[in-house]
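Structure, as structure tokens:
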Amino acid sequence: MTLKFYTNPMSRGQIARWALHEAGADYDQVLLEYDSTMKAAAYLAVNPMGKVPAIDHDGKIVTEGAAICAYLADAFPDAGLAPTADERADYYRWLFFAAGPLESAITNRSMGFEVEPDKEKTVGYGNYDQVVEALDSKFLTDDYVCGARFTMADVYVGAQLIWGTQFGTLPGRDSFLAYAKRLTDRDAYKSAKAVDDGLIAAIG
Numbered sequence: 001m002t003l004k005f006y007t008n009p010m011s012r013g014q015i016a017r018w019a020l021h022e023a024g025a026d027y028d029q030v031l032l033e034y035d036s037t038m039k040a041a042a043y044l045a046v047n048p049m050g051k052v053p054a055i056d057h058d059g060k061i062v063t064e065g066a067a068i069c070a071y072l073a074d075a076f077p078d079a080g081l082a083p084t085a086d087e088r089a090d091y092y093r094w095l096f097f098a099a100g101p102l103e104s105a106i107t108n109r110s111m112g113f114e115v116e117p118d119k120e121k122t123v124g125y126g127n128y129d130q131v132v133e134a135l136d137s138k139f140l141t142d143d144y145v146c147g148a149r150f151t152m153a154d155v156y157v158g159a160q161l162i163w164g165t166q167f168g169t170l171p172g173r174d175s176f177l178a179y180a181k182r183l184t185d186r187d188a189y190k191s192a193k194a195v196d197d198g199l200i201a202a203i204g
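Per UniProt numbering, residue 1 is the first one in the sequence shown, and the count goes up by one each step.
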């Protein structure tokens with residue numbers, strides 16, 4: 001069994017590396033640069049979008065951060081990160097919420113695009129404030145996406161909140177900060193972050 005991980009340390013590849021560490025997966029990393037190897041034919045054959053992260057697991061390619069997280073939870077069941085039957089609703093609901101409405105709302109706001117009130121019904125996420133309120137209501141009552149237990153959904157959802165509160169794309173709500181602290185205290189988060197921080201330092 002082989003697992004190849006395509007990434008750049010200054011990218012969403014940090015999410016996938018954290019997921020790999022939570023899963024306890026052995027992997028070979030392939031570091032790519034934005035303006036050269038990431039757009040070269042060899043990598044475009046892996047991901048025609050020319051984006052990272054991507055993984056090649058025994059010849060099966062997975063791209064997109066949320067998909068990589070969900071795939072790894074299933075591919076490495078001994079890590080106990082996939083949802084139980086009772087957890088599936090919350091697991092998939094919030095995993096896709098983070099990949100859809102949350103990502104869109106943050107990206108659009110950072111690019112200066114605000115949804116006019118009369119256009120909210122045509123936009124999947126409504127508006128930025130609605131997204132923030134939905135997340136806040138979730139983590140005011142639950143420690144993790146699936147309630148009391150950490151699952152792989154927390155890697156993807158949590159990464160959005162960790163980065164968002166650190167860089168100001170999300171407000172520093174008490175529920176967000178408490179959730180982020182629970183996640184950044186995890187050994188797998190720390191080990192994955194140390195790898196990426198070391199790579200960034202070497203580049204700089």
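C-beta atoms are modelled at their ideal positions from N, C-alpha and C, and glycine is treated no differently.
According to DSSP, is V157 helix, strand or coil? Stepping through the sequence shown from its first residue, residue 157 is reached at position 157. For V157, the secondary structure class from DSSP, reduced to helix, strand or coil, is helix.
Residue closest to Y189, alpha-carbon to alpha-carbon, out of K39, P171, V155 and D26: Within the sequence shown, the letter at position 189 stands for residue 189. Comparing Cα positions, the closest option is V155.
Would A82 and A89 qualify as a contact pair, given that the criterion is a beta-carbon distance under 8 Å? Start at 1 with the first residue of the sequence shown, and residue 82 comes out as number 82. Start at 1 with the first residue of the sequence shown, and residue 89 comes out as number 89. The answer is no: Cβ separation not under 8 Å.
Option nearest G112 by Cα separation, candidates I61, Y179, A148 and Y128: The residue labelled residue 112 in the question sits at position 112 within the sequence shown. Selection I61, Y179, A148 and Y128 evaluated against G112 yields Y128 as nearest (Cα-Cα).
What did DSSP end up calling V62 once you bin it into helix, strand or coil? As a working mapping, residue 62 is identified with position 62 in the sequence shown. Secondary structure at V62: strand, using DSSP grouped into helix, strand and coil.
Can you list, in chain order, the stretches of the beta strand (DSSP E) that have 3 or more residues and sit fully within the region 76-126? Fully contained in the region 76-126 is no beta strand (DSSP E) run of length 3 or more.
Three-pair Cβ contact test at 8 Å for the region 50-60 versus the region 9-18: Counting Cβ pairs under 8 Å, three or more are found: they touch.
Expected contact under 8 Å - CB spacing of I200 and M10 to nearest Å: Taking the first residue of the sequence shown as position 1, residue 200 is located at position 200. Taking the first residue of the sequence shown as position 1, residue 10 is located at position 10. About 6 Å separates the beta carbons of I200 and M10, which is inside the 8 Å limit, making them a contact pair.
I'd like to know whether the C-beta atoms of V132 and L183 end up nearer to each other than 8 Å. If you number the sequence shown from 1, residue 132 lands on position 132. If you number the sequence shown from 1, residue 183 lands on position 183. No.
Whose C-alpha, out of G172, T165, A153 and F167, is nearest the C-alpha of A23? Residue 23 sits at position 23 when you count from the first residue of the sequence shown. Of the listed residues, the one whose Cα sits closest to A23 is A153.
Which term fits R12, buried or exposed, when burial requires 16 or more other beta carbons within 10 angstroms of its beta carbon? The residue you call residue 12 lines up with position 12 of the sequence shown. Its Cβ being crowded by 16 or more others within 10 Å, R12 is buried.
If contacts are defined as beta-carbon pairs under 8 Å, then K60 and Y27 qualify, I think. What distance do you get, rounded to the angstrom? Counting from 1 along the sequence shown, the entry for residue 60 is found at position 60. Counting from 1 along the sequence shown, the entry for residue 27 is found at position 27. Not quite, the Cβ-Cβ distance comes to about 14 Å (not below 8 Å), so this is no contact.
Which of the three DSSP states, helix, strand or coil, is assigned to D197? Along the sequence shown, one-based indexing puts residue 197 at 197. Helix.
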